Amino acid sequence: MNVLREKLFIWGGPGAAIIGVLLATIIRSGLFYQLNPDELAHAHVSYLLLHGYTPYTEFLMTYTPVFNWIIAPALIIRGYTLEAMETIRWVMVVAFLLRFLLAGIFVVRVFGKRIAALFVLLFLLDPFTVFTAMQVRPDNLMMLLYTAGLVALEHGLRSKRQRYIFLSGFLFASSGVVLLKIIPSLVVLWCFVLWYAKKARLRFIFRSFTQGFLLPLLLFLTYTVATGSTTVMMQQVFMDAYAINKSIAFPEPLSNFYNVHNPFIYGVPGRPLWAFELSLPILAAVGLCVMMLERFMHRRTAGSSAIRFMQYVCAVSLIVQSGALLLVHSPFIQYFLPISWLFALFASVGIIQVLRRISPWKPLYVISIIGLSVIAWVLVLRSIKSNIGRSQSDNSISIWVPGIVKTWSRVPADKAVYPNTVFRPLAYPLAFEYYFHNLPRSIIRRLPPLVATLEQNKVPYIQRTYEWNALPPEFHMYVAAKYKPISKDLYIRR
Numbered sequence: 028m029n030v031l032r033e034k035l036f037i038w039g040g041p042g043a044a045i046i047g048v049l050l051a052t053i054i055r056s057g058l059f060y061q062l063n064p065d066e067l068a069h070a071h072v073s074y075l076l077l078h079g080y081t082p083y084t085e086f087l088m089t090y091t092p093v094f095n096w097i098i099a100p101a102l103i104i105r106g107y108t109l110e111a112m113e114t115i116r117w118v119m120v121v122a123f124l125l126r127f128l129l130a131g132i133f134v135v136r137v138f139g140k141r142i143a144a145l146f147v148l149l150f151l152l153d154p155f156t157v158f159t160a161m162q163v164r165p166d167n168l169m170m171l172l173y174t175a176g177l178v179a180l181e182h183g184l185r186s187k188r189q190r191y192i193f194l195s196g197f198l199f200a201s202s203g204v205v206l207l208k209i210i211p212s213l214v215v216l217w218c219f220v221l222w223y224a225k226k227a228r229l230r231f232i233f234r235s236f237t238q239g240f241l242l243p244l245l246l247f248l249t250y251t252v253a254t255g256s257t258t259v260m261m262q263q264v265f266m267d268a269y270a271i272n273k274s275i276a277f278p279e280p281l282s283n284f285y286n287v288h289n290p291f292i293y294g295v296p297g298r299p300l301w302a303f304e305l306s307l308p309i310l311a312a313v314g315l316c317v318m319m320l321e322r323f324m325h326r327r328t329a330g331s332s333a334i335r336f337m338q339y340v341c342a343v344s345l346i347v348q349s350g351a352l353l354l355v356h357s358p359f360i361q362y363f364l365p366i367s368w369l370f371a372l373f374a375s376v377g378i379i380q381v382l383r384r385i386s387p388w389k390p391l392y393v394i395s396i397i398g399l400s401v402i403a404w405v406l407v408l409r410s411i412k413s414n415i416g417r418s419q420s421d422n423s424i425s426i427w428v429p430g431i432v433k434t435w436s437r438v439p440a441d442k443a444v445y446p447n448t449v450f451r452p453l454a455y456p457l458a459f460e461y462y463f464h465n466l467p468r469s470i471i472r473r474l475p476p477l478v479a480t481l482e483q484n485k486v487p488y489i490q491r492t493y494e495w496n497a498l499p500p501e502f503h504m505y506v507a508a509k510y511k512p513i514s515k516d517l518y519i520r521r
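Residue numbers for the sequence shown follow this note's numbering, beginning at 28 and rising by one.
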């Protein structure tokens with residue numbers, strides 16, 4: 028029966044090879060899928076930092092610059108070009124592979140090898156993960172640090188070594204400093220570490236964790252104090268980020284991400300991957316219920332206290348993080364990153380536990396193994412096709428990149444253009460992808476007057492973008508008086 032399970036269900040000789048092919052196509056998808064404007068916006072912030080601009084005080088920024096400093100060396104090495112973006116994509120692929128490895132190690136140590144084997148498969152099949160986990164976004168650095176923190180915390184609790192517990196606190200806080208989206212999971216961790224330390228009467232655990240947790244916060248606050256941006260940073264990161272999301276007039280409902288015919292997310296239209304994505308939360312709910320029921324029924328035989336603790340952390344984090352997602356006014360697909368891997372994890376728990384329950388009934392068990400194996404192979408083959416299709420949607424068909432490259436060819440590298448574009452100096456304190464029409468009035472009121480700022484900076488170029496008609500009449504009068512057209516969408520100062 029073990030041979031049947033191994034050969035048909037997950038691995039086996041051909042199975043291991045096909046997993047390797049699947050991973051290779053995932054990497055290809057991550058490298059070559061067309062650039063999202065958000066990715067270019069993050070690279071543009073790195074450009075601004077390298078050119079001496081101070082975030083928060085000199086331009087609006089609703090997150091911290093940690094991620095932007097990390098990807099900045101790629102711009103130094105490759106220049107301010109699309110080739111630099113390719114290098115940054117490689118960095119993100121490596122970050123994804125590290126997170127995948129760390130997640131696998133964590134699941135093996137906390138949930139066992141059988142669940143980990145299935146988790147690997149479900150994690151790699153998840154279209155939401157494959158679509159977003161290698162994009163140039165701080166979300167992926169956040170998830171790498173958080174996953175590394177889980178591994179460090181589990182090892183620290185198991186070995187009772189303070190340095191690993193300190194390291195875990197440092198990594199968890201660093202993930203929160205990178206991006207606030209992980210805060211619900213960090214609150215869960217903080218509460219559970221406090222509870223565990225009190226229950227085990229090991230105060231050093233909470234002390235070491237807290238010391239490590241506070242260090243990144245103090246380091247970042249030191250940076251903002253040194254740049255004189257602490258107060259405005261608090262305003263923009265905590266208040267303005269919420270206000271911008273809340274002001275979106277037509278928020279995208281979560282159900283839109285589960286549209287069966289969505290080639291952007293699923294690579295190719297069709298039902299297999301859509302049905303799989305839709306089933307993950309359901310299977311995860313089953314896994315959660317089964318695990319918690321088993322823990323309450325067999326408290327004394329449920330493994331070591333450290334393992335139980337980490338299992339509870341994962342379970343409650345999934346519930347709390349999912350609840351937080353439901354409260355977001357306009358969620359985007361990268362908001363799923365903190366919970367997608369937990370869906371795959373607890374779906375694996377549910378499937379393995381159900382198989383274990385039915386194993387005494389041999390015919391039913393064999394039929395289930397064969398059925399799951401067939402489904403797995405269909406999903407793997409479909410996912411490979413999807414990943415290849417996604418990788419062929421490169422920048423040549425992008426609606427953004429050609430326009431930016433065209434602007435680069437007409438605006439010298441050291442000249443500003445309004446609205447601001449990628450890899451050009453600031454004409455106005457709104458970086459690329461921040462526009463008046465998508466900002467709430469509470470932010471617009473704090474910004475300097477547009478026309479006065481353009482005149483003060485003697486901005487040499489004005490480009491006509493899709494927000495052109497939304498700009499105030501005085502702007503159009505100013506452009507008509509001070510600029511002359513050199514093409515239908517670009518003006519130069521007289």
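Even for Gly, the Cβ is constructed at its ideal location relative to N, Cα and C.
Given the structure is predicted, the values throughout are model-derived calculations rather than measurements.
Pairwise C-alpha distance: residue j and residue i
i	j	result
residue 338	residue 185	13 Å
residue 340	residue 252	34 Å
residue 122	residue 49	18 Å
residue 305	residue 285	7 Å
residue 92	residue 246	13 Å
residue 221	residue 417	44 Å
residue 159	residue 249	32 Å
residue 74	residue 450	6 Å
residue 409	residue 300	7 Å
residue 403	residue 46	11 Å
residue 461	residue 266	16 Å
residue 30	residue 393	Residue confidence for residue 30 is low, a pLDDT of 42 falling below 50, so the modelled location carries little weight; the figure read from the coordinates is stated next. Taking the straight line from one Cα to the other gives about 11 Å.
residue 14	residue 454	Residue 14 is absent from the model: the chain starts at 28 and stops at 521.
residue 419	residue 429	17 Å
residue 54	residue 97	21 Å
Contacting residues, own chain, Cβ-Cβ under 6 Å from residue i (five flanking each side not counted)
i	result
residue 370	307, 308, 311
residue 367	153, 155, 156
residue 373	311, 314, 315
residue 446	492
residue 196	236, 239, 240
residue 169	202, 205, 206, 209
residue 34	The pLDDT assigned to residue 34 is 43, lower than 50, so where the model puts this residue is not dependable; a value taken from the coordinates is nonetheless given after this. Counting only Cβ-Cβ distances below 6 Å, and skipping sequence neighbours, we find nothing.
Residue i, buried or exposed, once every other Cβ within 10 Å from all chains shown has been counted against 16
i	result
residue 294	buried
residue 94	buried
residue 108	exposed
residue 165	buried
residue 344	buried
residue 431	buried
residue 71	buried
residue 514	exposed
residue 580	Outside the shown range of the chain (28 to 521) lies residue 580, about which nothing can therefore be said.
residue 483	exposed
residue 208	buried
residue 174	buried
residue 323	exposed
residue 176	buried
residue 28	Its pLDDT being 45, under 50, residue 28 is placed unreliably in this model, and the coordinates cannot settle the point.
Contact set for residue i: own chain, Cβ-Cβ below 7 Å, skip 5 residues either direction
i	result
residue 411	48, 49, 52
residue 298	287
residue 194	179, 239
residue 348	211, 212, 365, 366
residue 105	111, 114
Distance CB(residue i)-CB(residue j) smaller than 7 Å
i	j	result
residue 192	residue 142	no
residue 204	residue 132	no
residue 66	residue 135	no
residue 99	residue 77	yes
residue 129	residue 375	no
residue 336	residue 406	no
residue 119	residue 167	yes
residue 391	residue 385	yes
residue 444	residue 505	no
Residue from the options whose Cα sits closest to the Cα of residue i
i	options	result
residue 469	273, 387, 177, 210	273
residue 442	519, 113, 171	519
residue 290	408, 402, 415	415
residue 86	487, 402, 264	264
residue 183	169, 214, 223, 170	223
residue 89	395, 521, 262	262
residue 116	138, 61, 127	61
residue 464	281, 189, 277	277
Sequence-distant residues of the same chain with beta carbon closer than 8 Å to residue i, five excluded per side
i	result
residue 378	145, 310, 314, 399
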